[in-house]
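*Asks:*
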Amino acid sequence: MMRALCVVWIALMLSACASYQQGNKNSMIRASYEAADRLAAMAYPTVKVDQPVIVATFVQLDQLTETTNFGRLMAEQVASRLLVQQYPIVELKLRGSVFVREGKGELLLSREVKDISAAHNVQAVVVGTYVVAGEKLFLNMKVVRPLDNRVLAAHDLAIDIDATTRALLMSEPS
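For the sequence shown, the residue numbers in mature numbering (1 follows the signal peptide of the UniProt record, and there is no 0) are -18 to -1, 1 to 156.
1. Taking C-alpha atoms, which residue in Arg20, Gln42 and Arg12 lies nearest to valine 113?
2. If you draw a straight line from the alpha carbon of lysine 118 to that of alanine 149, how long is it in whole angstroms?
3. Cα separation between asparagine 122 and glutamine 33?
4. Where in the region 25 to 60 do unbroken runs of the alpha helix (DSSP H), each at least 4 residues long, occur, reported from the N-terminal end onward?
5. Exposed or buried, which one is leucine 129 when buried takes at least 16 other CB atoms within 10 Å?
6. In whole angstroms, what separates the C-alpha of leucine 74 from that of valine 108?
7. Tell me which same chain residues have a C-beta within less than 6 Å of the C-beta of glycine 87, skipping the five on either side of it?
8. Taking the C-alpha atoms as reference points, what is the distance between leucine 46 and glycine 110?
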C-alpha cells in the first residue's frame, strides 16, 4: 500500500513538472517574463517593491489607441511576473475606473497617466508598444514615473511570429 502511494505521489509530482515545463517553453511567456525581470532590475531601487505599479495594455505603435489580444495578453503576463517579484499591481479592471475602455484594455494616454496614478497612488506605470515587420514582432516596454513622465527603465525585444502569436495579432483591433 505504501509503495502504491509513493508511485502515485511521484507520478503527480512529475506531471506537475511537465506542465510547468511546457508553459515555460512558450516563447511569448518566456519573452514576457524575461522582459519583466529586466525592467524590474533596471528600475530598482527607484521603483520599490512595496509601492503599487500599474501595467497598461500594450498598444500598436502606429495606432496608440488600438490593441489586439497580443497587447492585452503580453501586459497581463508582465504584470504576473512583476507580482511574483513582490510588486503590488493595481488591477484597473476591478476599479471601475473611467480610464478602462470596454473591449480595449487599460489604455493610458499621456494626459491620463498623472490623474490615474494619483487616484491609485502608484509609483510607476509599465507601458508598451509593438509593431509587426515580416515574421517578427518588435516590442518596446518602459517603466515610467507618472509624476514627471521620466522613463526609469526600458527593454526592447523581437519575437518570432508563430501560429499562436499570429492568432493573437489577428484579433480585431480595439
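By construction, the Cβ of each residue, glycine as well, lies at the ideal position given by its N, Cα and C atoms.
As the structure is a prediction and not an experimental result, all values here were calculated from the model.
*Replies:* According to the structure shown:
1. Gln42
2. 14 Å
3. 23 Å
4. none
5. exposed
6. 13 Å
7. Here glycine 87 scores only 49 on pLDDT, less than 50, and its place in the model should not be relied on; the value that follows carries that caveat. Closer than 6 Å at Cβ, skipping near neighbours: Thr39, Thr49 and Arg54.
8. 10 Å
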